[in-house]
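Asker: What the sequence shown shows, in the working numbering, is residues 19 to 592, in sequence order.
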Amino acid sequence: MMLPTRMRRPAHALIAFRSPRTSITRSLNAPWSRFNSSQAPKPDPSSHWLRNSLGFAVTGTAAFLGYSYYADGGKEAWTTTPEVKKEAVDVNDLRAQFVQEKRSLKSPAVYTWGSNVYKVVDPGSKDTDIKTPRRFKYFNGQALRDLKIEEKSGAAITEKGDLVQWGQAFSETEFKPTETLTGKNLTSLAMSESRIIALSSDGTVYSLPLSKAEQSTGPKSREGSWIPFWKSKSNLSYRVLNPSLKLGEKVTTISGGLEHVLLLTSSGRVFSAASSTENYPSLGQLGVEGLTWSTRPKGPADSCHEITAFNGSKITQIATGDYHSLALTKDGRIYGFGDNSFGQLGVDYEPERPFKDKPCPLRADKLYRRSMYETKATSIAAGGANTFFTVDAKRILGYGEESEDVRDLGNVTADTWSCGRGIWGTLGNGRWVHVQDSPTKVRALSGVSEFDEKTNQITPIRIRAMSVGTTHVSAILNNKVSVSKNTKETLDQSKDWGYDAVWWGGNEHFQLGTGKRSNQSKPVYINAPPENKKQEEARLQIMPKHKGKIGKRNVNMEQRVECGRHVSALYAAV
Numbered sequence: 019m020m021l022p023t024r025m026r027r028p029a030h031a032l033i034a035f036r037s038p039r040t041s042i043t044r045s046l047n048a049p050w051s052r053f054n055s056s057q058a059p060k061p062d063p064s065s066h067w068l069r070n071s072l073g074f075a076v077t078g079t080a081a082f083l084g085y086s087y088y089a090d091g092g093k094e095a096w097t098t099t100p101e102v103k104k105e106a107v108d109v110n111d112l113r114a115q116f117v118q119e120k121r122s123l124k125s126p127a128v129y130t131w132g133s134n135v136y137k138v139v140d141p142g143s144k145d146t147d148i149k150t151p152r153r154f155k156y157f158n159g160q161a162l163r164d165l166k167i168e169e170k171s172g173a174a175i176t177e178k179g180d181l182v183q184w185g186q187a188f189s190e191t192e193f194k195p196t197e198t199l200t201g202k203n204l205t206s207l208a209m210s211e212s213r214i215i216a217l218s219s220d221g222t223v224y225s226l227p228l229s230k231a232e233q234s235t236g237p238k239s240r241e242g243s244w245i246p247f248w249k250s251k252s253n254l255s256y257r258v259l260n261p262s263l264k265l266g267e268k269v270t271t272i273s274g275g276l277e278h279v280l281l282l283t284s285s286g287r288v289f290s291a292a293s294s295t296e297n298y299p300s301l302g303q304l305g306v307e308g309l310t311w312s313t314r315p316k317g318p319a320d321s322c323h324e325i326t327a328f329n330g331s332k333i334t335q336i337a338t339g340d341y342h343s344l345a346l347t348k349d350g351r352i353y354g355f356g357d358n359s360f361g362q363l364g365v366d367y368e369p370e371r372p373f374k375d376k377p378c379p380l381r382a383d384k385l386y387r388r389s390m391y392e393t394k395a396t397s398i399a400a401g402g403a404n405t406f407f408t409v410d411a412k413r414i415l416g417y418g419e420e421s422e423d424v425r426d427l428g429n430v431t432a433d434t435w436s437c438g439r440g441i442w443g444t445l446g447n448g449r450w451v452h453v454q455d456s457p458t459k460v461r462a463l464s465g466v467s468e469f470d471e472k473t474n475q476i477t478p479i480r481i482r483a484m485s486v487g488t489t490h491v492s493a494i495l496n497n498k499v500s501v502s503k504n505t506k507e508t509l510d511q512s513k514d515w516g517y518d519a520v521w522w523g524g525n526e527h528f529q530l531g532t533g534k535r536s537n538q539s540k541p542v543y544i545n546a547p548p549e550n551k552k553q554e555e556a557r558l559q560i561m562p563k564h565k566g567k568i569g570k571r572n573v574n575m576e577q578r579v580e581c582g583r584h585v586s587a588l589y590a591a592v
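Right, dumping it as structure tokens:
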């Protein structure tokens, strides 16, 4: 599909439009390091743990991309990097009514941009960096169930539920997308540094190597056939993760870091498992106190472990960064565990113990005056060494206040908070810091509101979705949208608009899509790729759910955004 956009009208036209949207509110480094060394390292019993324990026949060594940093004496270090203010925008400043570009719902597509060193963004291009969104030709006319993209590897689940992989981490010689795990009715996936974890519609969790060579040479299990009582050997190597489920319970959501994966069940329980053949999780990200390579229970190294430290609370959302994990309870409380070297758990950084192996509460309620606000965390997101969460804060009567004196009594403000590593501007707060262990407000995405004509009230604009890469972030706002069913309208006739999308953080490989290499410490808009040279510059928007055409079929689809390590993607999803 063509990308929905908002056209930039000339200044004299702004006076003719009244915005329906108004605003209610307006260095220490970790004491440990991971690095590639030219010297032979001392053997680690946890290294290549899954490969050894499962008998994987794999040649060569895998480079490990991790953090490299060392101890310092201060609590927080600020850099002097100048902020680029020209690109920054205030999502409250919507003075003009924008219109969507003329679109075709008959052509869903995938757009990618960022680092192309490993042939992930555009396998057929010699460019090492793709500066702005570019159509990914293989997926033209396709809507996907899920897509994950990293600098070295890409993976997607087709509308039929089959897994497609590409990139140099998949194959050193054939970069084009290739179907791998098929016939499993997959719905979602996660990628570790060396494996793909995929969830099927029936709750089965599959784990398979990223590498095509390892898929071919690794041990293959026997699986069912259409012939009764007959089993045949699978055509590629994979394993099934088996959490201890109750009758009628199944896995509904997965989320993974570089070395671990979390599994959320229909009963609100959470399991964790190792997901890398290179290193066993050692920074507490599994959420089981005292669990290490040497203390792990007998059985497969990738056994599932239930996380029981949530005090019986039902978990509704999970999220993972590279080496840390988050869980959100039904009643709006946040728990974090794993690496805290950059304060990504939202609790005080302790040099003598830079990680938490037991879930600890992230007290969002302490960010507000408790006597004046009722708070509830509504969503979580994580990636790299960063954490994001949203909070609904309802104004209540404080001590000694009278209701007639409180004009905003009962009003709800939706705020976005962040913590963790901010040296690339990833925190979104306009600052460039190494460590942020106390949550900081992303002001451009907090206190934003619009007028709802149906209810005749001002309502908060919340975050609809957020994707966090290693150094950059994208957020889709849940603003009111308008999509006409008349696909024959011309550009001038169309009065549609989609979801606003903003981007910020690292831009060293043009992963923000601004066309420039400068990092952004505050959310910015980006432009949609023009369909022709004469097309006016237009702001990229995200298409909401709509009925489009795939071949001769009508299909309900929407657009989603995915941020990975130095890369980004926008795709049509079913």
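Where is the CB? At the ideal position from N, CA and C, for every residue including glycine.
1) Throw me the rounded Cβ distance for the Gly354 and Gln303 pair, which I believe falls under 8 Å.
2) Distance, Cα to Cα, Arg351 vs Leu226?
3) Looking at Tyr256: is its Cβ nearer than 8 Å to the Cβ of Ser239?
4) What is the DSSP secondary structure of Tyr543, counted as helix, strand or coil?
5) So Ser219 is in the alpha helix (DSSP H); what residue range does that whole segment cover?
6) When you compare only the Cα positions, how much space is there between Val409 and Thr396?
7) Using the C-alpha atoms, what's the distance from Val466 back to Asp423?
8) Between which two residues does the alpha helix (DSSP H) carrying Gln233 extend?
9) Please work out which residues of its chain come closer than 6 Å, Cβ to Cβ, to Gly195, disregarding the five sequence neighbours upstream and downstream, and give them in chain order.
10) So, with DSSP's three-state summary, where would you put Phe193?
11) Locate the beta strand (DSSP E) running through Glu392, then write down its first and last residues.
12) Between the alpha carbons of Lys394 and Glu192, how many angstroms are there, rounded?
13) Could you tell me the distance, in whole angstroms, from the CA atom of Ile481 to the CA atom of Pro237?
14) Using the DSSP secondary-structure output, state which residues sit across from Lys251 in a beta bridge.
15) Can you find at least 3 beta carbon pairs, one from the segment 521-533 and one from the segment 132-139, that sit closer than 8 Å?
16) DSSP state of Tyr156, grouped into three classes?
17) Closer than 6 Å by C-beta to Ser218: which residues in its own chain qualify, once you throw out the five before and the five after it? Chain order, please.
18) In terms of residue numbering, what span does the beta strand (DSSP E) encompassing Trp131 cover?
19) Look up Arg461 in the DSSP assignment and say whether it is helix, strand or coil.
20) Which residue from Pro261, Glu241, Thr444, Ala161 puts its Cα closest to that of Ser252?
21) List the endpoints of the continuous beta strand (DSSP E) containing Leu282.
22) Evaluate contact between the segment 372-386 and the segment 311-324, counting only Cβ atoms and requiring at least three cross-stretch pairs below 8 Å.
23) Rounding to the nearest angstrom, what Cα-Cα distance links Asn11 and Gln362 in this structure?
24) How long is the line joining the alpha carbons of Glu468 and Asp147, rounded to whole angstroms?
25) If I follow the unbroken beta strand (DSSP E) through Arg371, where does it start and stop?
26) Which residue from Leu588, Leu301, Ser171 puts its Cα closest to that of Ser343?
27) Grouping DSSP H, G and I as helix and E and B as strand, with all else coil, what is Val107?
28) Take the Cβ of Arg557 as the centre, count every other Cβ of all protein chains shown within 10 Å, and call the residue buried at 16 or more, exposed below.
29) Using CA coordinates, which residue listed in Gly275, Ser206, Asn574, Ser229 is at the minimum distance from Ser189?
30) Am I right that Met561 and Gly516 are in contact with their C-beta atoms under 8 Å? What's the rounded C-beta distance?
31) In chain order, what residues of the same chain lie with their CB nearer than 8 Å to the CB of Leu427, ignoring the 5 residues before and after it?
32) Between Asn404 and Arg449, how many whole angstroms is the CB-CB distance? I'm expecting something under 8 Å.
33) Taking Cβ positions, are Glu197 and Asp180 nearer each other than 8 Å?
34) Identify, in the order they occur along the chain, each residue of the same chain with its Cβ nearer than 7 Å to the Cβ of Thr271, setting aside the five sequence neighbours on each side.
35) Nearest CA to the CA of Ser492: which residue from Tyr543, Ala590, Thr334, Asn297?
Answerer: Once the coordinates are examined:
1) At roughly 10 Å, the Cβ-Cβ gap does not stay under 8 Å, so Gly354 and Gln303 are not in contact.
2) 33 Å
3) yes
4) coil
5) Per DSSP, Ser219 belongs to no alpha helix (DSSP H) and is neither H nor E.
6) The straight-line gap from Cα to Cα measures roughly 6 Å.
7) 23 Å
8) 230-235
9) Note that residue 195 is Pro in the sequence shown, not Gly. So the list reads Tyr156, Val182, Trp184, once near-sequence residues are dropped.
10) coil
11) 391-401
12) 48 Å
13) Cα atoms of Ile481 and Pro237: separation of roughly 43 Å, rounded to the nearest angstrom.
14) Arg240
15) yes
16) When secondary structure is reduced to three states using DSSP, Tyr156 falls in the helix class.
17) Lys202, Asn203, Leu204
18) 128-133
19) helix
20) Glu241
21) 278-283
22) Judged by pairs of C-beta atoms under 8 Å, the segment 372-386 does not touch the segment 311-324, as fewer than three such pairs exist.
23) For residue 11 there is no data in the structure shown, the boundaries of the chain being 19 and 592.
24) Distance from the CA atom of Glu468 to the CA atom of Asp147, rounded to whole angstroms, is 38 Å.
25) Here Arg371 belongs to no beta strand (DSSP E), and DSSP marks it neither H nor E.
26) Leu301
27) With a pLDDT of 43 at Val107, under the threshold of 50, the modelled position of that residue is not reliable, and no figure is offered here.
28) Using a 10 angstroms sphere on the CB of Arg557, the tally of other CB atoms reaches 16 or more, which defines it as buried.
29) Ser229
30) 5 Å
31) Arg413, Ile414, Leu415, Ser421
32) Rounded, the Cβ-Cβ distance is 13 Å, inconsistent with contact.
33) Contact: yes.
34) Leu282, Ile336
35) Tyr543
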